[in-house]
Amino acid sequence: MLKRTLALAACFALSLSASFTQAETLKELKVSAIPDEAPTELLRKFKPLGEYLQAQLGIPVKFVPVSDYAGVVEALAADRLDMAWLGGFTFVQARLKTGNAIPLVQREQDQQFTSKFITADPNVKSLQDLKGKTFAFGSVSSTSGSLMPRYFMQKDGIVPEQFFSRVAYSGAHDATVAWVQAGKVDAGVLNASVWNKLVDAGKVDTNKVKVFATTPSYYDYNWTVRGNLDPALAEKIKKAFLALDPSKPSDKAILDLQAASRFVETKPENYKGIEEAARSAGLLK
58 MLKRTLALAA CFALSLSASF TQAETLKELK VSAIPDEAPT ELLRKFKPLG
108 EYLQAQLGIP VKFVPVSDYA GVVEALAADR LDMAWLGGFT FVQARLKTGN
158 AIPLVQREQD QQFTSKFITA DPNVKSLQDL KGKTFAFGSV SSTSGSLMPR
208 YFMQKDGIVP EQFFSRVAYS GAHDATVAWV QAGKVDAGVL NASVWNKLVD
258 AGKVDTNKVK VFATTPSYYD YNWTVRGNLD PALAEKIKKA FLALDPSKPS
308 DKAILDLQAA SRFVETKPEN YKGIEEAARS AGLLK
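Going by the numbering used here, the sequence shown opens with residue 58, and the numbers climb by one from there.
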């Protein structure tokens, strides 16, 4: 009887210790995002959302910038981040690396996302017109700026390294537009959301740069939390995103910065198609 009592006491002590450890990690929610745009733009977009989440969760929310896509995956896997804005491919990488990363929400349009092929050459009407010319993807780890456009091109019989005279990686969607507009490359590809944002902001000369093709749709971005995050907190975060109401001016301002009409729930199964595309492209082992 004494042994059983001592065993129970030990279990209780371990339980309390785990609770206190968990409480320590929740003193601050560390959040990041794949660097698919300039660092200053990522911070500008996140600031009102971070303030909103902080008010909803009752704990400080800190944005932690990273230098590259792989850095976000590594930080999430090592518990240096609690939540991250990931592309479809980086989510697949995070899920495979951790085994338990949880996608909470995505923007409504991320259920049917597309990439835009752009050029400043008036003679280019289709991808076939780019044979022997130069082409830019975004980051090599970008779903919408590299993986899915490449996947769809290969399905049409175009192997970029064989079809174009030179393939380059700009590192970010806005950089791809700048390269095309400046004539650094003959054409490039970027995600539809950033393209629309740059056009609306007047940051691209549409008299010079045009969209000449659009990919089929696919699932893309989501907000993902590490798998060992307190489930109650994860649920609270999800509800905060889902509660953002575009009919409320303050909420609409947050949604507009996220290029979102609203947020909806998502699940790992939504990204199976991207995993298959990555495997077919030899980007996953």
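From the three backbone atoms N, C-alpha and C, an ideal C-beta is built for every residue, glycine too. Please read these numbers as outputs of a predicted model, since none were measured by experiment.
Between the alpha carbons of residue i and residue j, how many angstroms are there, rounded?
i    : j    : result
P160 : E218 : 33 Å
F194 : Y126 : 14 Å
S318 : F103 : 16 Å
F120 : K188 : 42 Å
Q79  : E85  : Residue confidence is low: Q79 scores 42 on pLDDT, short of 50, so the model does not pin down where it sits. No coordinate-derived value is stated.
L341 : L106 : 33 Å
L153 : K190 : 36 Å
I215 : L247 : 18 Å
D257 : T263 : 10 Å
I175 : Q211 : 18 Å
E94  : T147 : 15 Å
F365 : Q168 : No statement about residue 365 is possible, as the shown extent of the chain runs from 58 to 342 and does not include it.
G330 : D178 : 33 Å
A232 : K267 : 16 Å
E292 : L114 : 10 Å
A334 : D213 : 14 Å
V261 : N285 : 42 Å
Using only alpha-carbon positions, find the residue among the options that is nearest to residue i.
i    : options                   : result
Q315 : E131, Q166, D231 and M210 : Q166
V88  : P96, N248, K254 and P122  : P122
M205 : A141, S274 and A244       : S274
F209 : T271, E322 and A225       : T271
E283 : D93, L86, L133 and L83    : For the sequence presented, residue 283 should be read as Arg rather than Glu. Ranking D93, L86, L133 and L83 by Cα distance to R283 puts L133 first.
I311 : S203, L100, K212 and P96  : L100
S172 : N157, P179, G115 and V234 : V234
S124 : T200, K265, P96 and K296  : P96
S337 : G144, L290, F192 and R207 : R207
F192 : N180, W236 and G156       : W236
When we look at the beta-carbon of residue i and count the other beta-carbons within 10 Å, is it buried (16 or more) or exposed?
i    : result
K305 : exposed
D302 : exposed
E81  : Confidence at E81 is low in this model, with a pLDDT of 41, below 50, so its placement is unreliable and no value can be given for it.
P288 : exposed
Q185 : exposed
G259 : exposed
K324 : exposed
R164 : buried
S307 : exposed
D139 : buried
Assign residue i to one of three DSSP states: helix, strand, or coil.
i    : result
F317 : With the sequence shown as reference, residue 317 is identified as Ala, and Phe is not the correct amino acid for it. Reduced to three states, the DSSP call for A317 is coil.
L143 : strand
T191 : strand
A338 : coil
P160 : strand
N180 : coil
G245 : strand
F120 : strand
A95  : coil
T171 : coil
T78  : Because T78 carries a pLDDT of 39, less than 50, the predicted location of this residue cannot be relied on, and no value is offered for it.
N285 : coil
K267 : strand
P301 : The sequence shown places Leu at residue 301, rather than the Pro named in the question. Correct three-state label for L301: coil.
Which same chain residues end up closer than 7 Å to residue i when comparing Cβ atoms and leaving out the 5 residues on each side of it in sequence?
i    : result
W142 : A90, I91, Y278 and W280
N327 : Y276
V242 : T191, F192, A193, A225 and W236
V130 : T147, Q150, A151 and K154
L83  : I116, D287 and L290
To which residues of the same chain is residue i closer than 6 Å at the C-beta, ignoring the five residues directly before and after it?
i    : result
E332 : V149
H54  : In the structure as shown, the chain starts at 58 and stops at 342, and residue 54 therefore has no counterpart that could be examined.
G228 : S196
A244 : T176, L187 and F192
Excluding the 5 residues preceding and the 5 following residue i in the sequence, name in chain order all residues of the same chain whose CB lies nearer than 8 Å to its CB.
i    : result
V321 : V162, Q163, R164, E165, Q168 and L299
Sorry if obvious, but does the Cβ on residue i come closer than 6 Å to a heavy atom of the ligand FAD?
i    : result
F269 : Judged by which ligands are present, the structure shown has none, so any question about the ligand FAD falls away.
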